Amino acid sequence: MKKRNHWISFCLITSAIPASLAAREWQVPENVATIQKAIDQAEPGDSILVAPGTYAERIRIKPRITLRSRGEDIPGEKGLKRAELTIIDGGGEDGGDSPGVTMAEGAILDGFTVTGVGTYDDAKWQEARDLKGANQSHEHIGHFGTPGIAVTAVTCSILNNIVHHNGATGIAIQGKEGKRCAPFISGNACYRNMGGGIGSMNGSTAIIDSNTCFENFYAGIGHDNASPHVIHNECYGNIRAGIGVSEGSCAIVRGNRCYQNRRAGIGIRTGSSTRPVIEDNDCYENDMAGIGVEEEAAPIIRNNRCHHNQLAGIGCKEHANPIIDGNYCYENKAAGIGTESSTALIRGNHCEKNESTGIGISGTSTALVVGNTCEENRLVAIGIPNGGQAVLHGNTFVRTGGMPPIVAILNGSTATLIDNTIRGGGVGAIMLDGELIAIGNTIEGRNGGSGIVIREKGHAMLSGNSITGYRKPVNEPEKATVVD
């Protein structure tokens with residue numbers, strides 16, 4: 356009886372040992388000649404270590420397998436040295452139509468170069484770059500294609516890989532109804548792929564963290580009806596946006612650097628259900644806007660820094676509906692913040708030394724502009740032309756030199772100014788060729804002229820404003836209704 360009890364105890368103890376303690380480590384090519392043969396023989400929990408070399412194969416990982424290149428985590432030119440030396444080559448068009456690496460539930464891919472999956476077309480890439488992506492159609496955005504690394508309806512980890520010169524997206528993540536798809540994508544370098552660098556689509560919820568995506572045919576990181584966390588990535592030199600958000604995506608995009616992209620640093624578009632949170636990013640030296648919003652998208656854009664872009668720091672058009680809060684937009688070639696045919700809440704931003712306007716509200720745009728500071732912009736602090744409508748409350752508009760007015764309300768536009776501070780030079784503090792209601796504003800001039808310059812089609816209703824430092828408070832007092 357005593358022996359039987361010992362045997363039962365031994366069985367209970369051994370059955371409680373986690374399976375991972377019995378996991379096996381496979382060596383490629385020492386134990387097994389190819390990566391795929393090692394995967395086929397491995398069991399869940401096993402690890403496969405791959406020696407440096409080029410492996411002409413496309414592989415399909417099994418669940419809970421760790422596939423890792425051999426070597427230490429020493430930096431190389433584009434990524435880790437071990438990733439640069441351990442290459443999975445898909446063989447171009449002759450390699451078939453499967454992805455370079457197909458991921459599985461709980462699998463880990465760590466430290467490989469994945470290249471030659473499909474055809475990289477340098478001439479096509481160069482043409483698109485020259486045209487800033489104007490020859491690219493919307494249909495390609497969100498197209499899964501045959502990616503370098505494919506994640507379909509699984510949760511896995513893709514770490515420290517270099518994915519380049521593939522015929523479609525570098526790393527493509529695709530959700531599936533009823534299945535969780537939340538991979539961790541970190542430390543990868545994705546470049547010169549004929550799709551995006553990293554693409555997240557169809558309801559996936561990845562964490563995309565600390566990757567470098569550059570010179571890809573579409574966006575560095577793109578989203579189509581997906582809601583990932585996109586944090587601390589570096590995206591530059593891509594033919595479209597550094598980060599693109601579209602088709603109902605509600606991504607959180609935080610702490611990224613997006614620069615020198617051929618279009619926007621961060622581009623947001625396509626539908627009122629596209630509602631990402633864009634915060635604490637640095638967007639600079641892009642060929643269009645730092646952050647661009649269009650096609651009815653409704654993002655929250657807050658606490659970003661947008662500077663030295665070729666167009667606006669933050670630009671909105673085509674019936675966009677953004678909340679723009681607490682951003683710093685400076686030294687952009689156009690406006691700090693510009694809206695055209697959009698509806699926006701613009702609150703607590705700082706727009707400084709932009710080449711045209713601090714804040715511009717044009718076309719059929721309507722905006723609530725609250726608590727912003729616009730200073731030393733080259734033309735006007737705020738411009739409302741071409742039928743724009745705005746309510747401005749508690750803002751500070753300053754420019755010390757130049758001839759243009761500080762506030763311009765032109766071409767039949769309508770504005771209500773309440774409790775703003777307007778200070779500086781120019782022909783006048785406010786130039787009006789539309790409708791103005793001004794209540795309780797402090798207007799301080801330095802160069803003579805008129806506090807409010809009312810042109811032919813302008814009319815103002817004024818109450819409780821303090822206008823000092825100008826020869827005339829109003830140049831055409833008969834066009835102003837003063838309410839005490």
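In the numbering used here, the protein residues as written are 356 to 839.
Glycine included, each C-beta is placed from N, C-alpha and C at the ideal position.
As the structure is a prediction and not an experimental result, all values here were calculated from the model.
1) Please report the distance separating the alpha-carbon of Tyr475 from that of Gly789.
2) What are the start and end residues of the beta strand (DSSP E) that includes Ile563?
3) Between the C-alpha atoms of Pro538 and Thr755, what's the straight-line distance to the nearest angstrom?
4) Within this structure, are the beta carbons of Ala438 and Ser424 separated by less than 8 Å?
5) Would you mind working out which of Asn571, Gly599, Ser541, Ile443 sits nearest Glu482, comparing C-alpha positions?
6) Measure the C-alpha to C-alpha separation of Ile913 and Glu532 and round it to an integer number of angstroms.
7) For the pair the stretch 444-458 and the stretch 553-563, tell me if three or more CB-CB distances fall below 8 Å.
8) Between the C-alpha atoms of Asn732 and Asn750, what's the straight-line distance to the nearest angstrom?
9) How long is the line joining the alpha carbons of Ala388 and Ile443, rounded to whole angstroms?
10) Could you work out which residue in Phe569, Arg630, Gly703 is closest to Val518 when comparing CA atoms only?
11) Judging by CA-CA distance, which residue of Cys684, Ile394, Ser582, Arg547 is the nearest neighbour of Ile563?
12) Which same chain residues, not among the five before or five after Gly471, have their C-beta less than 8 Å away from its C-beta?
13) Would Ala478 be called buried (16 or more neighbouring beta carbons within 10 Å of its own) or exposed?
14) Measuring alpha carbon to alpha carbon, tell me which of Gln615, Ser627, Gly500, Asn636 ends up nearest Asn588.
15) Would you kindly work out how many angstroms separate the C-alpha atoms of His674 and Arg657, rounded to a whole number?
16) Give the C-beta separation of Ala667 and Ile692 to the nearest angstrom, bearing in mind that I take them to be a contact with Cβ-Cβ under 8 Å.
17) Just tell me which of Ala763, Lys834, Val648, Ile807 has its CA closest to the CA of Lys310.
18) Do Ser541 and Asp579 have their beta-carbon atoms positioned less than 8 Å apart in this structure?
19) Smallest Cα separation from Thr728: which of Gln615, Ala736, Arg609?
20) Ordered along the chain, which non-local residues of its own chain (more than five positions away) have a Cβ less than 8 Å from that of Ala462?
21) Which residue comes first and which comes last in the beta strand (DSSP E) that contains Ile792?
22) For Glu695, does the count of other Cβ atoms within 10 angstroms reach 16, so buried, or fall short, so exposed?
23) Report the CB separation of Gly738 from Ala763 in whole angstroms; it is logged as a contact under 8 Å.
24) Note down, one range per segment and in chain order, each beta strand (DSSP E) of at least 3 residues found wholly within the stretch 757-808.
25) Would you tell me roughly how many angstroms separate the C-alpha atoms of Asn775 and Thr797, rounded to the nearest one?
26) Beta-carbon within less than 7 Å of Gly726's beta-carbon, same chain only, minus the 5 sequence neighbours each way: which residues are those?
27) Near Gly626, which residues of its chain fall below 7 Å by C-beta distance, leaving aside the five closest residues on each side in sequence?
28) In terms of alpha-carbon separation, which member of Pro631, Ser697, Asn682, Ser402 lies closest to Cys706?
29) Out of Cys536, Asp642, Ala745, which has the shortest C-alpha to C-alpha gap to Asp485?
30) Should Asp465 be labelled buried (16 or more other beta-carbon atoms within 10 Å of its own) or exposed?
31) Which residues mark the beginning and the end of the beta strand (DSSP E) in which Glu707 is found?
32) Cutting at 6 Å between CB atoms, please list the residues of its own chain near Arg612, excluding the five before and the five after it.
33) Residues in its own chain within less than 8 Å of His495 by CB, not counting five upstream and five downstream?
34) Give every residue of the same chain whose Cβ lies closer than 7 Å to the Cβ of Gly743, excluding the five residues on either side of it in the sequence, and list them in chain order.
35) At which residues does the alpha helix (DSSP H) containing Gln396 begin and terminate?
36) Between Leu747 and Thr771, is the Cβ-Cβ spacing less than 8 Å?
Taking the definition as stated:
1) One-based indexing of the sequence shown puts residue 475 at position 120. One-based indexing of the sequence shown puts residue 789 at position 434. Each residue's alpha carbon lies about 55 Å from the other.
2) Numbered from its first residue, the sequence shown carries residue 563 at position 208. In the DSSP annotation of this structure, the continuous segment of the beta strand (DSSP E) that includes Ile563 starts and ends at 562-564.
3) Here residue 538 refers to the residue found at position 183 of the sequence shown. Here residue 755 refers to the residue found at position 400 of the sequence shown. Using only the alpha carbons, I get a separation of about 52 Å.
4) Start at 1 with the first residue of the sequence shown, and residue 438 comes out as number 83. Start at 1 with the first residue of the sequence shown, and residue 424 comes out as number 69. Yes, Cβ-Cβ distance for Ala438 and Ser424 is below 8 Å.
5) By one-based count along the sequence shown, residue 482 stands at place 127. Ranking Asn571, Gly599, Ser541, Ile443 by Cα distance to Glu482 puts Asn571 first.
6) Shown here, the chain extends from 356 to 839; a query on residue 913 therefore has no answer.
7) no
8) Start at 1 with the first residue of the sequence shown, and residue 732 comes out as number 377. Start at 1 with the first residue of the sequence shown, and residue 750 comes out as number 395. Approximately 15 Å between the Cα atoms of the pair.
9) Residue 388 sits at position 33 when you count from the first residue of the sequence shown. Residue 443 sits at position 88 when you count from the first residue of the sequence shown. Taking the straight line joining both Cα atoms gives about 14 Å.
10) Here the question's residue 518 lines up with position 163 in the sequence shown. The shortest Cα separation from Val518 among Phe569, Arg630, Gly703 belongs to Phe569.
11) For this step, residue 563 is matched to residue 208 along the sequence shown. When each option's Cα is compared against that of Ile563, the closest is Ser582.
12) Working through the sequence shown from its first residue, we reach residue 471 at position 116. Excluding residues within five positions, the ones whose Cβ falls inside 8 Å are Asp444, Gly445, Gly446, Gly447, Gly450, Gly455, His520, Asn521.
13) Indexing the sequence shown from 1 puts residue 478 at position 123. Classification for Ala478: exposed.
14) Reading the sequence shown from its first residue, position 233 is the one you call residue 588. By alpha-carbon distance to Asn588, the top candidate from Gln615, Ser627, Gly500, Asn636 is Asn636.
15) Numbered from 1 along the sequence shown, position 319 holds the residue referred to as residue 674. Numbered from 1 along the sequence shown, position 302 holds the residue referred to as residue 657. Each residue's alpha carbon lies about 19 Å from the other.
16) Position 312 of the sequence shown, counted from the start, is the residue given in the question as residue 667. Position 337 of the sequence shown, counted from the start, is the residue given in the question as residue 692. Contact holds; Cβ gap of about 7 Å.
17) Residue 310 lies beyond the range of the chain shown here (356 to 839); nothing can be said about it.
18) The residue you call residue 579 lines up with position 224 of the sequence shown. The residue you call residue 541 lines up with position 186 of the sequence shown. Result no, Cβ atoms of Asp579 and Ser541 do not sit closer than 8 Å.
19) Position 373 of the sequence shown, counting from 1, holds the residue named residue 728. It is Ala736 whose Cα lies nearest to the Cα of Thr728.
20) Within the sequence shown, numbered from 1, the residue matching residue 462 stands at position 107. Non-local C-beta neighbours of Ala462 in its own chain, meaning closer than 8 Å and more than five positions away in sequence, comprise Ile416, Lys417, Pro418, Arg419, Ile420, Thr421, Leu422, Val509, Cys511, Ser512, ordered along the chain.
21) Along the sequence shown, read from residue 1 onward, the residue named residue 792 stands at position 437. Here the beta strand (DSSP E) through Ile792 covers 790-794.
22) Indexing the sequence shown from 1 puts residue 695 at position 340. It counts as buried.
23) As a working note, residue 738 is residue 383 in the sequence shown. As a working note, residue 763 is residue 408 in the sequence shown. With 8 Å as the limit, Gly738 and Ala763 qualify as a contact, their Cβ atoms being about 5 Å apart.
24) 762-764, 769-773, 776-779, 783-787, 790-794, 797-800
25) Translated into the one-based positions of the sequence shown, residue 775 becomes position 420. Translated into the one-based positions of the sequence shown, residue 797 becomes position 442. Roughly 6 Å separates the two Cα atoms.
26) As a position in the sequence shown, residue 726 is number 371, starting the count at 1. The beta carbon of Gly726 is closer than 7 Å to those of Arg702, Gly703, Gly749, Asn750 in its chain, skipping five residues each way along the sequence.
27) Start at 1 with the first residue of the sequence shown, and residue 626 comes out as number 271. The answer, listed in chain order, is Glu602, Gly603, Glu650, Glu651, Ala652.
28) Stepping through the sequence shown from its first residue, residue 706 is reached at position 351. Measuring C-alpha to C-alpha distances from Cys706 to each of Pro631, Ser697, Asn682, Ser402 identifies Asn682 as the nearest.
29) Locating residue 485 in the sequence shown gives position 130, counting from the first residue. Comparing Cα-Cα distances from Asp485 to each of Cys536, Asp642, Ala745, the minimum goes to Asp642.
30) On the sequence shown, position 110 is the one that residue 465 refers to. Result: buried.
31) Taking the first residue of the sequence shown as position 1, residue 707 is located at position 352. That run of the beta strand (DSSP E) goes 705-707.
32) For the purposes of this step, residue 612 is identified with residue 257 of the sequence shown, where counting begins at 1. Hits under 6 Å: Glu589, Asp637.
33) For this step, residue 495 is matched to residue 140 along the sequence shown. No answer about His495 holds up, because its pLDDT of 49 lies below 50 and its placement is not dependable.
34) The residue given as residue 743 occupies position 388 in the sequence shown. If we look at Gly743 and ignore the five residues flanking it on each side, its Cβ neighbours are Ile716, Ser717, Gly718, Ser720, Ser768.
35) Your numbering for residue 396 matches position 41 in the sequence shown. From DSSP, the alpha helix (DSSP H) with Gln396 extends over 390-396.
36) Counting from 1 along the sequence shown, the entry for residue 747 is found at position 392. Counting from 1 along the sequence shown, the entry for residue 771 is found at position 416. In terms of Cβ geometry, Leu747 and Thr771 form a close pair [threshold 8 Å].
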